[in-house]
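Residue numbers (the working numbering): 41 to 368.
Here it is in C-alpha coordinates:
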(Lines of atoms letter the chains of each structure in order from A and count residues from 1; the text may use other names and numbers.)
(Lines give C-alpha, C1' and ligand atoms only; values in the text may rest on other atoms or scores of the structure.)
Protein backbone atom coordinates (compact mmCIF):
# COMPACT_ATOMS: atom_id res chain seq x y z
CA UNK A 1 0.00 0.00 0.00
CA UNK A 2 1.26 3.42 -0.81
CA UNK A 3 2.29 5.98 1.76
CA UNK A 4 0.16 9.09 2.23
CA UNK A 5 1.10 11.86 -0.19
CA UNK A 6 2.90 13.97 2.42
CA UNK A 7 5.06 11.00 3.46
CA UNK A 8 6.07 10.40 -0.16
CA UNK A 9 8.01 13.68 -0.06
CA UNK A 10 10.80 11.52 1.37
CA UNK A 11 11.02 9.81 -2.00
CA UNK A 12 11.62 13.17 -3.76
CA UNK A 13 14.80 14.67 -2.26
CA UNK A 14 14.88 17.66 -4.61
CA UNK A 15 11.27 18.57 -3.89
CA UNK A 16 11.83 18.13 -0.16
CA UNK A 17 14.97 20.28 -0.28
CA UNK A 18 13.16 23.00 -2.23
CA UNK A 19 10.32 23.00 0.30
CA UNK A 20 12.72 23.37 3.22
CA UNK A 21 14.71 26.13 1.48
CA UNK A 22 11.56 28.08 0.60
CA UNK A 23 10.18 27.89 4.13
CA UNK A 24 13.56 29.00 5.52
CA UNK A 25 13.66 31.98 3.18
CA UNK A 26 10.03 32.81 3.94
CA UNK A 27 10.68 32.71 7.68
CA UNK A 28 13.73 34.93 7.27
CA UNK A 29 11.91 37.44 5.05
CA UNK A 30 8.84 37.66 7.29
CA UNK A 31 10.96 38.03 10.44
CA UNK A 32 13.02 40.78 8.85
CA UNK A 33 9.94 42.62 7.57
CA UNK A 34 8.27 42.26 10.95
CA UNK A 35 11.10 44.15 12.61
CA UNK A 36 13.59 41.53 13.72
CA UNK A 37 13.94 39.11 16.61
CA UNK A 38 12.22 41.42 19.08
CA UNK A 39 8.89 40.26 17.54
CA UNK A 40 7.18 36.85 17.62
CA UNK A 41 8.14 36.21 13.98
CA UNK A 42 11.25 34.09 14.74
CA UNK A 43 8.92 31.27 15.77
CA UNK A 44 8.22 30.82 12.04
CA UNK A 45 11.63 29.15 11.77
CA UNK A 46 10.21 26.14 13.55
CA UNK A 47 8.24 25.35 10.38
CA UNK A 48 11.26 24.43 8.18
CA UNK A 49 12.95 22.81 11.17
CA UNK A 50 10.01 20.50 11.81
CA UNK A 51 9.59 19.79 8.09
CA UNK A 52 13.28 18.83 7.83
CA UNK A 53 13.04 16.68 10.94
CA UNK A 54 9.98 14.93 9.57
CA UNK A 55 11.59 14.23 6.20
CA UNK A 56 15.19 13.59 7.25
CA UNK A 57 14.90 12.66 10.92
CA UNK A 58 17.34 13.89 13.57
CA UNK A 59 20.19 14.78 11.22
CA UNK A 60 17.94 16.87 8.99
CA UNK A 61 16.28 18.55 11.96
CA UNK A 62 19.62 19.37 13.57
CA UNK A 63 21.16 20.68 10.33
CA UNK A 64 18.22 22.94 9.44
CA UNK A 65 17.97 24.01 13.08
CA UNK A 66 21.58 25.18 12.86
CA UNK A 67 20.93 27.04 9.58
CA UNK A 68 17.84 28.65 11.08
CA UNK A 69 19.86 29.65 14.12
CA UNK A 70 22.39 31.45 11.91
CA UNK A 71 19.73 33.14 9.77
CA UNK A 72 17.88 34.26 12.87
CA UNK A 73 21.09 34.95 14.77
CA UNK A 74 24.05 37.01 13.55
CA UNK A 75 22.27 37.66 10.23
CA UNK A 76 19.14 39.11 11.85
CA UNK A 77 19.02 42.38 13.87
CA UNK A 78 17.09 42.58 17.10
CA UNK A 79 15.42 45.80 15.87
CA UNK A 80 15.62 46.21 12.10
CA UNK A 81 14.44 49.83 12.04
CA UNK A 82 17.06 50.98 14.52
CA UNK A 83 19.74 48.59 13.23
CA UNK A 84 20.18 47.19 16.74
CA UNK A 85 22.05 43.88 16.60
CA UNK A 86 21.30 40.91 18.81
CA UNK A 87 23.56 39.96 21.67
CA UNK A 88 25.68 36.89 21.06
CA UNK A 89 24.11 35.24 24.10
CA UNK A 90 20.59 35.62 22.71
CA UNK A 91 21.24 34.15 19.28
CA UNK A 92 23.36 31.31 20.68
CA UNK A 93 20.50 30.34 23.01
CA UNK A 94 18.06 30.49 20.10
CA UNK A 95 20.40 28.41 17.93
CA UNK A 96 20.52 25.81 20.71
CA UNK A 97 16.73 25.72 20.91
CA UNK A 98 16.37 25.41 17.15
CA UNK A 99 18.93 22.61 16.91
CA UNK A 100 17.56 20.79 19.94
CA UNK A 101 13.96 20.94 18.75
CA UNK A 102 15.06 19.77 15.30
CA UNK A 103 17.02 16.80 16.67
CA UNK A 104 14.27 15.78 19.11
CA UNK A 105 11.52 16.05 16.50
CA UNK A 106 13.64 14.08 14.05
CA UNK A 107 14.23 11.30 16.57
CA UNK A 108 10.50 11.07 17.31
CA UNK A 109 9.51 11.03 13.64
CA UNK A 110 12.11 8.35 12.95
CA UNK A 111 10.45 6.18 15.57
CA UNK A 112 7.06 6.93 14.04
CA UNK A 113 8.34 6.07 10.56
CA UNK A 114 9.65 2.74 11.85
CA UNK A 115 6.23 1.92 13.28
CA UNK A 116 4.51 2.90 10.01
CA UNK A 117 6.88 0.66 8.06
CA UNK A 118 6.26 -2.18 10.50
CA UNK A 119 2.50 -1.80 10.02
CA UNK A 120 2.95 -1.85 6.25
CA UNK A 121 4.94 -5.07 6.46
CA UNK A 122 2.38 -6.67 8.78
CA UNK A 123 -0.39 -5.61 6.40
CA UNK A 124 1.43 -7.11 3.42
CA UNK A 125 2.15 -10.33 5.28
CA UNK A 126 -1.49 -10.57 6.36
CA UNK A 127 -2.74 -10.19 2.79
CA UNK A 128 -0.25 -12.77 1.54
CA UNK A 129 -1.36 -15.14 4.30
CA UNK A 130 -4.93 -14.84 3.01
CA UNK A 131 -3.70 -15.46 -0.53
CA UNK A 132 -1.78 -18.57 0.60
CA UNK A 133 -4.92 -19.80 2.36
CA UNK A 134 -6.80 -19.59 -0.94
CA UNK A 135 -3.93 -21.37 -2.71
CA UNK A 136 -4.02 -24.15 -0.10
CA UNK A 137 -7.64 -24.93 -1.00
CA UNK A 138 -6.71 -25.42 -4.64
CA UNK A 139 -3.00 -26.11 -5.20
CA UNK A 140 -3.62 -26.22 -8.97
CA UNK A 141 -4.14 -22.45 -8.93
CA UNK A 142 -1.29 -21.69 -6.49
CA UNK A 143 0.19 -18.28 -7.21
CA UNK A 144 -2.85 -17.24 -9.26
CA UNK A 145 -3.63 -14.09 -7.26
CA UNK A 146 0.00 -12.97 -7.25
CA UNK A 147 0.22 -13.33 -11.02
CA UNK A 148 -3.12 -11.60 -11.56
CA UNK A 149 -1.86 -8.74 -9.40
CA UNK A 150 1.33 -8.47 -11.45
CA UNK A 151 -0.55 -8.51 -14.75
CA UNK A 152 -3.18 -6.03 -13.54
CA UNK A 153 -0.43 -3.69 -12.36
CA UNK A 154 1.28 -3.82 -15.76
CA UNK A 155 -2.01 -3.14 -17.56
CA UNK A 156 -2.83 -0.21 -15.28
CA UNK A 157 0.61 1.28 -15.89
CA UNK A 158 0.17 0.93 -19.65
CA UNK A 159 -3.13 2.83 -19.34
CA UNK A 160 -1.26 5.77 -17.80
CA UNK A 161 -3.05 5.63 -14.44
CA UNK A 162 -1.67 7.47 -11.44
CA UNK A 163 0.62 5.72 -8.98
CA UNK A 164 -2.18 5.68 -6.39
CA UNK A 165 -4.60 4.08 -8.87
CA UNK A 166 -2.04 1.47 -9.90
CA UNK A 167 -1.37 0.62 -6.27
CA UNK A 168 -5.08 0.26 -5.51
CA UNK A 169 -5.53 -2.08 -8.47
CA UNK A 170 -2.49 -4.13 -7.43
CA UNK A 171 -3.97 -4.76 -3.99
CA UNK A 172 -7.51 -5.37 -5.23
CA UNK A 173 -6.14 -7.98 -7.64
CA UNK A 174 -4.31 -9.71 -4.81
CA UNK A 175 -7.53 -9.89 -2.79
CA UNK A 176 -9.99 -10.68 -5.58
CA UNK A 177 -10.40 -14.40 -4.85
CA UNK A 178 -10.57 -14.43 -1.04
CA UNK A 179 -14.21 -15.49 -1.28
CA UNK A 180 -13.07 -18.89 -2.56
CA UNK A 181 -12.33 -19.70 1.07
CA UNK A 182 -16.10 -20.11 1.39
CA UNK A 183 -16.41 -22.37 -1.67
CA UNK A 184 -16.22 -26.14 -0.98
CA UNK A 185 -12.93 -27.74 -2.00
CA UNK A 186 -14.65 -30.43 -4.04
CA UNK A 187 -16.11 -27.67 -6.22
CA UNK A 188 -12.82 -25.78 -6.56
CA UNK A 189 -10.86 -28.93 -7.42
CA UNK A 190 -13.43 -30.62 -9.62
CA UNK A 191 -11.66 -31.69 -12.85
CA UNK A 192 -14.81 -31.86 -14.94
CA UNK A 193 -17.61 -29.49 -15.81
CA UNK A 194 -19.47 -27.90 -12.90
CA UNK A 195 -23.17 -28.51 -12.37
CA UNK A 196 -25.59 -25.58 -12.21
CA UNK A 197 -25.63 -25.82 -8.42
CA UNK A 198 -21.83 -25.86 -8.29
CA UNK A 199 -21.63 -22.85 -10.62
CA UNK A 200 -24.04 -21.03 -8.32
CA UNK A 201 -21.67 -21.68 -5.42
CA UNK A 202 -18.63 -20.62 -7.46
CA UNK A 203 -20.31 -17.40 -8.50
CA UNK A 204 -20.75 -16.32 -4.90
CA UNK A 205 -17.02 -15.79 -4.46
CA UNK A 206 -16.77 -12.16 -5.72
CA UNK A 207 -19.43 -11.03 -3.23
CA UNK A 208 -17.89 -13.07 -0.43
CA UNK A 209 -14.46 -11.62 -1.25
CA UNK A 210 -15.89 -8.11 -0.95
CA UNK A 211 -17.65 -8.99 2.31
CA UNK A 212 -14.40 -10.25 3.81
CA UNK A 213 -12.51 -7.01 3.16
CA UNK A 214 -15.20 -4.33 3.41
CA UNK A 215 -15.06 -4.31 7.20
CA UNK A 216 -11.41 -3.21 7.10
CA UNK A 217 -11.28 0.57 6.72
CA UNK A 218 -7.99 0.61 4.79
CA UNK A 219 -9.30 -1.99 2.33
CA UNK A 220 -12.57 -0.31 1.41
CA UNK A 221 -11.13 1.25 -1.74
CA UNK A 222 -10.51 -2.28 -3.05
CA UNK A 223 -14.11 -3.46 -2.62
CA UNK A 224 -15.51 -2.34 -6.04
CA UNK A 225 -12.68 -3.97 -7.99
CA UNK A 226 -12.97 -7.17 -5.97
CA UNK A 227 -16.77 -7.38 -6.10
CA UNK A 228 -17.10 -6.61 -9.81
CA UNK A 229 -14.20 -8.55 -11.33
CA UNK A 230 -16.55 -11.10 -12.93
CA UNK A 231 -18.84 -8.50 -14.48
CA UNK A 232 -18.70 -8.31 -18.27
CA UNK A 233 -18.47 -5.32 -20.58
CA UNK A 234 -21.71 -6.40 -22.29
CA UNK A 235 -23.62 -6.79 -19.01
CA UNK A 236 -23.78 -10.60 -19.03
CA UNK A 237 -21.50 -11.13 -16.05
CA UNK A 238 -22.15 -11.54 -12.34
CA UNK A 239 -23.06 -10.81 -9.57
CA UNK A 240 -25.05 -7.73 -10.69
CA UNK A 241 -25.02 -7.81 -14.49
CA UNK A 242 -23.32 -4.41 -14.78
CA UNK A 243 -22.06 -3.21 -18.16
CA UNK A 244 -19.53 -0.80 -19.66
CA UNK A 245 -18.74 2.12 -17.34
CA UNK A 246 -21.08 0.75 -14.67
CA UNK A 247 -18.22 -1.65 -13.98
CA UNK A 248 -15.40 0.21 -12.24
CA UNK A 249 -12.10 0.45 -14.14
CA UNK A 250 -10.32 -1.56 -11.44
CA UNK A 251 -12.64 -4.51 -12.06
CA UNK A 252 -12.37 -4.21 -15.85
CA UNK A 253 -8.60 -4.42 -15.55
CA UNK A 254 -8.67 -7.30 -13.05
CA UNK A 255 -11.12 -9.19 -15.29
CA UNK A 256 -8.66 -9.15 -18.19
CA UNK A 257 -5.67 -10.00 -15.98
CA UNK A 258 -7.64 -12.79 -14.27
CA UNK A 259 -8.70 -14.37 -17.55
CA UNK A 260 -5.24 -14.04 -19.11
CA UNK A 261 -3.65 -15.74 -16.09
CA UNK A 262 -6.21 -18.56 -16.15
CA UNK A 263 -5.73 -19.14 -19.88
CA UNK A 264 -1.92 -19.24 -19.68
CA UNK A 265 -1.88 -21.68 -16.74
CA UNK A 266 -2.57 -25.40 -16.80
CA UNK A 267 -5.83 -26.58 -15.25
CA UNK A 268 -7.03 -30.14 -14.56
CA UNK A 269 -9.57 -29.83 -17.38
CA UNK A 270 -7.36 -28.22 -20.06
CA UNK A 271 -3.77 -27.29 -20.91
CA UNK A 272 -2.43 -23.76 -20.95
CA UNK A 273 -2.49 -21.45 -23.93
CA UNK A 274 0.61 -19.65 -25.11
CA UNK A 275 0.67 -15.90 -24.32
CA UNK A 276 0.04 -15.09 -28.00
CA UNK A 277 -2.91 -17.47 -28.23
CA UNK A 278 -4.37 -16.20 -24.96
CA UNK A 279 -4.09 -12.60 -26.13
CA UNK A 280 -5.77 -13.46 -29.43
CA UNK A 281 -8.63 -15.21 -27.61
CA UNK A 282 -9.09 -12.21 -25.32
CA UNK A 283 -9.00 -9.84 -28.29
CA UNK A 284 -11.90 -11.74 -29.82
CA UNK A 285 -13.94 -10.90 -26.73
CA UNK A 286 -13.03 -7.18 -26.68
CA UNK A 287 -16.24 -5.18 -26.66
CA UNK A 288 -18.33 -8.09 -25.40
CA UNK A 289 -16.68 -9.68 -22.38
CA UNK A 290 -13.86 -7.17 -21.97
CA UNK A 291 -13.26 -3.42 -22.18
CA UNK A 292 -11.42 -2.85 -25.50
CA UNK A 293 -9.15 -0.21 -23.93
CA UNK A 294 -8.02 -2.67 -21.27
CA UNK A 295 -7.39 -5.39 -23.85
CA UNK A 296 -5.27 -2.95 -25.86
CA UNK A 297 -3.29 -2.12 -22.71
CA UNK A 298 -2.69 -5.84 -22.10
CA UNK A 299 -1.26 -6.12 -25.62
CA UNK A 300 1.08 -3.19 -24.97
CA UNK A 301 2.16 -4.68 -21.66
CA UNK A 302 2.95 -7.99 -23.37
CA UNK A 303 5.03 -6.19 -25.99
CA UNK A 304 6.87 -4.19 -23.32
CA UNK A 305 7.74 -7.10 -21.02
CA UNK A 306 6.83 -10.50 -22.52
CA UNK A 307 8.94 -12.37 -19.93
CA UNK A 308 6.52 -11.28 -17.19
CA UNK A 309 3.44 -12.79 -18.81
CA UNK A 310 4.00 -16.54 -18.77
CA UNK A 311 1.45 -18.22 -16.53
CA UNK A 312 1.89 -21.36 -14.48
CA UNK A 313 2.05 -23.98 -17.21
CA UNK A 314 3.91 -27.10 -18.22
CA UNK A 315 3.19 -26.53 -21.92
CA UNK A 316 2.50 -23.19 -23.52
CA UNK A 317 1.09 -24.32 -26.87
CA UNK A 318 -1.91 -26.67 -26.58
CA UNK A 319 -3.35 -28.64 -29.50
CA UNK A 320 -6.75 -26.99 -29.17
CA UNK A 321 -8.00 -23.58 -28.13
CA UNK A 322 -10.49 -23.96 -25.25
CA UNK A 323 -11.79 -20.47 -25.89
CA UNK A 324 -12.16 -17.68 -23.38
CA UNK A 325 -12.45 -18.98 -19.85
CA UNK A 326 -14.19 -16.71 -17.38
CA UNK A 327 -11.27 -16.29 -15.03
CA UNK A 328 -11.00 -18.42 -11.93
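Every residue, glycine too, gets a C-beta built ideally from N, C-alpha and C. Quick caveat, the model's predicted, so the values are computed rather than measured.
Asked	Found
Per DSSP, the bridge partner or partners of residue 39	This structure gives no information on residue 39, because the portion of the chain shown stretches from 41 to 368.
Exposure label - residue 263; buried when at least 16 CB within 10 Å	buried
Residues that DSSP places opposite residue 326 in a beta bridge	330
Residue nearest to residue 95 in terms of C-alpha spacing, selected from 125, 152, 306 and 137	152
Of the residues 121, 108 and 281, the one placed nearest residue 131, counting alpha carbons only	108
Neighbourhood of residue 282 by C-beta, 7 Å cutoff - its chain only, sequence neighbours within 5 removed	268, 271 and 275
C-beta contact flag for residue 113 and residue 75 at 8 Å	no
Segments assigned alpha helix (DSSP H), at least 4 residues, entirely inside the region 54-126	86-111
Nearest to residue 69 (by Cα), restricted to the options 59, 56, 57 and 85	85
Buried/exposed call for residue 52, threshold 16 Cβ in 10 Å	exposed
The alpha helix (DSSP H) enclosing residue 278, as first and last residue numbers	From DSSP, residue 278 is part of no alpha helix (DSSP H); its letter is neither H nor E.
From 126, 245 and 305, residue whose alpha carbon lies closest to that of residue 278	245
Beta-carbon gap between residue 330 and residue 191 smaller than 8 Å	no
Residue 300 and residue 316 closer than 8 Å at C-beta	no
Three-state secondary structure (DSSP) of residue 150	helix
Rounded separation between residue 126 and residue 164 - CA only	54 Å
Every unbroken alpha helix (DSSP H) within the region 191-235, with a cutoff of 4 residues, ordered by chain	203-215 and 225-228
Segment contact flag, the region 90-105 with the region 133-146, C-beta cutoff 8 Å, min 3 pairs	yes
Helix, strand or coil at residue 243 according to DSSP, with G and I counted as helix	coil
Inter-residue CB distance, residue 214 and residue 171 (contact presumed, cutoff 8 Å)	6 Å
Inter-residue spacing [alpha-carbon to alpha-carbon] between residue 290 and residue 212	8 Å
Nearest to residue 133 (by Cα), restricted to the options 67, 123 and 110	110
Cα-Cα separation between residue 73 and residue 117, rounded to whole angstroms	11 Å
Cβ neighbour criterion (16 or more within 10 Å) applied to residue 256	exposed
Contact belief for residue 225 with residue 177 at Cβ below 8 Å, rounded distance in angstroms	5 Å
Neighbour-count burial assignment, residue 223, 16 or more Cβ in a 10 Å radius	buried
Distance, residue 293 Cα to residue 323 Cα	14 Å
Residues that residue 307 bridges to, as DSSP identifies them	310
Straight-line gap, residue 159 to residue 258 (C-alpha atoms, nearest Å)	12 Å
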